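Asker: Input: one structure, supplied below.
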């Protein structure tokens, strides 16, 4: 049979079978064709053979059966083995063969059961590559990549393209045998021209092909040396842009990250586009090159393309540093932009990004850039830009931390002019960049933003936390909210609602903050808002106070502490309101005794209240008893613990409770003392081993009660005898009382009674009786002079009294005289001292501060209200080291506060004369304030102080605490220093700063705001409490607090042991 006849017959059979009309399966017909080629192949002409091959491959492609495909592969292999594949300049069957190989390779990869098809396809391809055709099959494969066959036949065209890519990446990129390899440049060129890259599976395969190049050192070297990275990255970017979440694309990205050092830097910008499209971090060198390119090529106002790219950066959390750098470069350009239209458009664009982005880091980065632009504009004083930027910052402050931080730095001075008080986390310092500048800004926009945050919350917790922490300090600046009564009332109502109903913004689970933290911050804010009581209605103030009362004891220690401290400040700042609720507050305190961690705070409240008698107008006997009950409840919990074993806080509770009992007993109306005294005495005792015991603190407390009740007419060392020559003196010790009876030659009898809690004396007239005790039944002794003349009588404690009753005669001696003199030098008052420092504007050195001999009018008023002015010369009271001589080395007088049980002496350098030598002046004044545990600082320096800064000015190991007073509004540069202060409109921030380790127990650990009217009384109370705590803190290893009463008690005991007649 002629060759054309055989071919035509085989072609006819294949077509008939493929149309479903044949008697055999297609794979059988194809196998017969392969057999015919093996037998008669030498007789086949190129043209008929080409027709036969194309017909067979078309049929096998159409059926897509693995058996048909394998038979067709056998046919191709038979042609290669026994003949030559027909290839000529006019017609070549090679493209059809290669397309079929690509098709079957792809089909075989679709299922594991078709693995044989893939293997057979590669075997036939390998034979083809080893034939005389050389690299022609490879180029045919590459041509498939840019063939638009998917448009004419999507099914087969898709398989051709995928199969070609798979054959190349799996087998032809780099081989160790002698087969020809794919030219990398041609491959990248063909792929870059592919129109089918829009199909997801083809994109994935392209990505896998590129990925395989990166895992081959030889191909990597070709990429670097051939300069093919730009084309490579362009293809990768196209795939990433179309399918950013594809696993193969992401795998390619990860491989690229390992090859950064093998890519030329000028390709990093293109690489950055790939990373950004995939939302992946930029490697440091890539980021650096990207920013360098942006800064050199992109300038404000940005083109639409750059706006889109920047917006893409803001849609990720990975590019905070990039956005910050871009905004840092853009900020000065934005500030210098002359076109108002361009300026407004760009501001609106940036604002829209902040308001829509889902990433806090992006909003913060843009906010930081806008803040810097705003500061630049402030310095250049471009009003319309200031107004526009300020408005934008106010509108984004609920989404951008830097914007919120900046806005909280604004304050109003005494004239209501707006200035920058301080800048947080920014390079520009206000005192250097702005000086005393003020600006005409629409502060109402900022007020609206504040209200919006507390009504609706913020998108991100971090921003809300800033508002919680910073707003109390801002609200302390009353001048900023002058004539904004409506805003204040709305804010008060909103905060009260949030605390009462729990509608505040809750911290996310990822935050270390808790819900009680938010409540504590809201209570602190509400305590500052209470200072606006003149703007609030009576029912609104009532609600504020009730929030403090009801929230105290809520279960969280810090929240309750905040409430108690707020109530303490309210007692000083709004006494007219608080006096109506004191009984309710006392009742609430009595119910918190089970919360032992609040003991010190409750006692500090009661301690301060005991010195504010005006608040007790509505007190009943039951209210007083409730106060004592609180103290006794705390005492009972620690009585049986040995004093040396008590923890520091228990020691504070123990000592404070006894002091408060003494303070409150002095406030008791006379008609209530008799009724409550038995209850108090019995409560000061406890049982130990079955016996009733009274500790030293209890004894001296009983002694105080006995002293103030026994004889109200006795004087404190004011009586004098009319003596000429003769004076008879006898000393008797009766329990805790040292009774000295002196009889003059005029038959006058002077009785001096020394006891732990105080000294009293009185002249007894004939037949007069002096009461020295009210403890139970009384016995009487007579004061009889040696001449036998009777004077009067003295009542003494009964044998059942805890104060002791045995009367013993003390033997006169020099030792007894010295002991009594020592006793007399031990003050019966619990005496404390505190320094008062005045800092003028910009004063920051000890030399300048201690050279002040006067202060502002506000300071002078404050000093005058700390106590009473007492002369120092020949003072018989404890001056706490101040010079008493006529030389007046420490001034002629000082301020002292005292009551029946305690005293506070103030060391005030402005009242001390200056030395001519500045160094000597510092040394002299630091001799006092440097040895004070507590120093009060009246700070008009304009500098924000803290403990470390003050310690660096006045270094020393003794000062543990600074109470810093700062005007809530600084003086205006236009302010007349002679302006009259309106006290109820003048406010001060008061905050306590303590050294490391000192207990945080003060009511002003957080800044408090009070009016000038309440300032001195609050600060004096704080200083007294802190002096008290300082002494206990320094005596942590001692058994008990070093009370002067206890010292006097111990001295009396020693006198009885040493000087009693045998």
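In this note's numbering, the protein residues as written are 56 to 1117.
Glycine included, C-beta positions come from ideal geometry on N, C-alpha and C.
What you are looking at is a predicted structure, and each value in this text was computed from that prediction instead of being measured.
1. Do residue 947 and residue 960 have their CB atoms nearer than 9 Å?
2. Which residues does DSSP list as the beta-bridge partners of residue 813?
3. Just checking, does the stretch 368–388 make contact with the stretch 348–359 on the three C-beta pairs under 8 Å criterion?
4. Using DSSP's beta-bridge definition, name the partner residues of residue 458.
5. Report yes if the CB atom of residue 622 is closer than 9 Å to the CB atom of residue 660, and no otherwise.
6. In terms of alpha-carbon separation, which member of 886, 889, 883, 911 lies closest to residue 896?
7. Does the stretch 956–970 come close enough to the stretch 868–881 that 3 or more CB-CB pairs lie under 8 Å?
8. Can you check whether the C-beta of residue 435 is within less than 9 Å of a C-beta belonging to chain C?
9. Let me check one thing: in DSSP terms, what residues is residue 1022 bridge-paired to?
10. Identify, in the order they occur along the chain, each residue of the same chain with its Cβ nearer than 7 Å to the Cβ of residue 1011, setting aside the five sequence neighbours on each side.
11. Rounded to whole angstroms, what is the Cα-Cα separation between residue 1118 and residue 445?
12. Have a look at residue 1018 and residue 1083 and give me their C-alpha separation to the nearest angstrom.
13. If you drop the 5 nearest sequence neighbours on each side, which residues of the same chain put their C-beta closer than 8 Å to that of residue 680?
14. Figure out for me which residue from 999, 856, 1078 has the closest Cα to the Cα of residue 886.
15. Could you give the residue range of the alpha helix (DSSP H) that holds residue 354?
16. For residue 740 versus residue 747, is the C-beta spacing smaller than 9 Å?
17. Does the count of Cβ pairs from the stretch 253–268 and the stretch 186–199 closer than 8 Å reach three?
18. Quick check: the Cα distance between residue 602 and residue 693, rounded to an integer number of angstroms?
19. Kindly indicate which residue of 418, 419, 448, 415 has the alpha-carbon position closest to the one of residue 429.
20. Excluding the 5 residues preceding and the 5 following residue 327 in the sequence, name in chain order all residues of the same chain whose CB lies nearer than 6 Å to its CB.
21. If residue 333 sits next to residue 308, beta carbons under 8 Å apart, how far is it from one beta carbon to the other, in whole angstroms?
22. Roughly how many angstroms separate the alpha carbons of residue 1098 and residue 991, rounded to a whole number?
23. If you run the structure through DSSP and keep just helix, strand and coil, what is residue 555?
24. In angstroms with no decimal places, state the Cα-to-Cα distance between residue 301 and residue 323.
25. Which whole-angstrom value is the C-beta distance of residue 153 and residue 92, which I expect to be below 8 Å?
26. Is residue 514 helix, strand or coil when you go by DSSP?
27. Is the beta carbon of residue 518 sitting closer than 9 Å to the one on residue 1054?
28. Between residue 711 and the rest of its own chain, which residues show a CB-CB distance below 6 Å, the 5 nearest in sequence each way excluded?
29. Beta-carbon within less than 6 Å of residue 579's beta-carbon, same chain only, minus the 5 sequence neighbours each way: which residues are those?
30. Starting from residue 54 and walking both ways along the alpha helix (DSSP H), at which residues does that stretch end?
31. Is it true that the stretch 507–521 meets the stretch 452–463, where meeting means three or more beta-carbon pairs spaced less than 8 Å apart?
32. For the structure I just gave you, are there three or more beta carbon pairs, one from the stretch 598–613 and one from the stretch 624–644, closer than 8 Å?
33. Are three or more beta carbon pairs between the stretch 171–189 and the stretch 147–162 nearer than 8 Å?
34. List the endpoints of the continuous alpha helix (DSSP H) containing residue 998.
35. Quick one, which of 1105, 674, 188 has its alpha-carbon nearest residue 877's?
36. Helix, strand or coil: which one does DSSP assign to residue 942?
Answerer: Let me spell this out:
1. What you label residue 947 is simply residue 892 of the chain shown in a count that begins at 1. What you label residue 960 is simply residue 905 of the chain shown in a count that begins at 1. No, Cβ-Cβ distance for residue 947 and residue 960 is not below 9 Å.
2. By 1-based counting over the chain shown, the position of residue 813 is 758. Answer is 810, bridged to residue 813.
3. yes
4. Stepping through the chain shown from its first residue, residue 458 is reached at position 403. None, per the DSSP bridge assignment.
5. As a working note, residue 622 is residue 567 in the chain shown. As a working note, residue 660 is residue 605 in the chain shown. The answer is yes: Cβ separation under 9 Å.
6. Residue 896 sits at position 841 when you count from the first residue of the chain shown. Here the closest residue by C-alpha is 911.
7. no
8. Checking the listed chains, one finds no chain C in this structure; it contains a single protein chain.
9. Numbered from its first residue, the chain shown carries residue 1022 at position 967. For residue 1022, which the question treats as bridged, DSSP gives the partners 1043.
10. Position 956 of the chain shown, counting from 1, holds the residue named residue 1011. Here the set comprises 985.
11. Any answer about residue 1118 is impossible in this case: the structure gives the chain only from 56 up to 1117.
12. As a position in the chain shown, residue 1018 is number 963, starting the count at 1. As a position in the chain shown, residue 1083 is number 1028, starting the count at 1. Cα to Cα, the separation comes out at about 14 Å.
13. Within the chain shown, the letter at position 625 stands for residue 680. So the qualifying residues of the chain are 731, 734.
14. Within the chain shown, residue 886 is the residue found at index 831, counting from 1. Checked all of 999, 856, 1078; the closest Cα to residue 886 is 1078.
15. Mapped onto the chain shown, residue 354 falls at position 299. Looking at the DSSP string, residue 354 is not in any alpha helix (DSSP H), and its letter there is neither H nor E.
16. Translated into the one-based positions of the chain shown, residue 740 becomes position 685. Translated into the one-based positions of the chain shown, residue 747 becomes position 692. Against a cut-off of 9 Å, the Cβ pair of residue 747 and residue 740 comes out as a contact.
17. no
18. Mapped onto the chain shown, residue 602 falls at position 547. Mapped onto the chain shown, residue 693 falls at position 638. So the alpha carbons of these two residues sit roughly 32 Å apart.
19. For the purposes of this step, residue 429 is identified with residue 374 of the chain shown, where counting begins at 1. Among 418, 419, 448, 415, the Cα nearest to that of residue 429 belongs to 448.
20. The sequence position of residue 327 within the chain shown is 272, counting from 1. 337, 341, 345, listed in sequence order.
21. To locate residue 333, count along the chain shown from 1; it is residue 278. To locate residue 308, count along the chain shown from 1; it is residue 253. The Cβ separation is near 5 Å, so the contact holds.
22. Residue mapping note: residue 1098 aligns to position 1043 of the chain shown, counting from 1. Residue mapping note: residue 991 aligns to position 936 of the chain shown, counting from 1. Approximately 23 Å between the Cα atoms of the pair.
23. As a first step, residue 555 must be located in the chain shown, where it is residue number 500. Looking at residue 555 - three-state DSSP - the assignment turns out to be helix.
24. As a first step, residue 301 is located in the chain shown; it is residue number 246 there, counting from the start. As a first step, residue 323 is located in the chain shown; it is residue number 268 there, counting from the start. In a straight line, the C-alpha of residue 301 is about 22 Å away from that of residue 323.
25. Walking along the chain shown from the start, residue 153 turns up at place 98. Walking along the chain shown from the start, residue 92 turns up at place 37. Actually they do not touch by this definition, with Cβ atoms about 19 Å apart.
26. The residue labelled residue 514 in the question sits at position 459 within the chain shown. Correct three-state label for residue 514: coil.
27. The residue given as residue 518 occupies position 463 in the chain shown. The residue given as residue 1054 occupies position 999 in the chain shown. Not a contact, by the Cβ cut-off of 9 Å.
28. In the chain shown, the residue the question calls residue 711 occupies position 656. 658.
29. For the purposes of this step, residue 579 is taken as the residue at position 524 of the chain shown. 527, 617, 1061.
30. The first residue shown for the chain is 56 and the last is 1117, placing residue 54 beyond what the model contains.
31. yes
32. yes
33. yes
34. Within the chain shown, residue 998 is the residue found at index 943, counting from 1. No alpha helix (DSSP H) holds residue 998; DSSP gives it neither H nor E.
35. Within the chain shown, the letter at position 822 stands for residue 877. The residue with the shortest Cα to Cα distance from residue 877 is 1105.
36. Locating residue 942 in the chain shown gives position 887, where the first residue counts as 1. Residue 942: coil per DSSP, three-state reduction.
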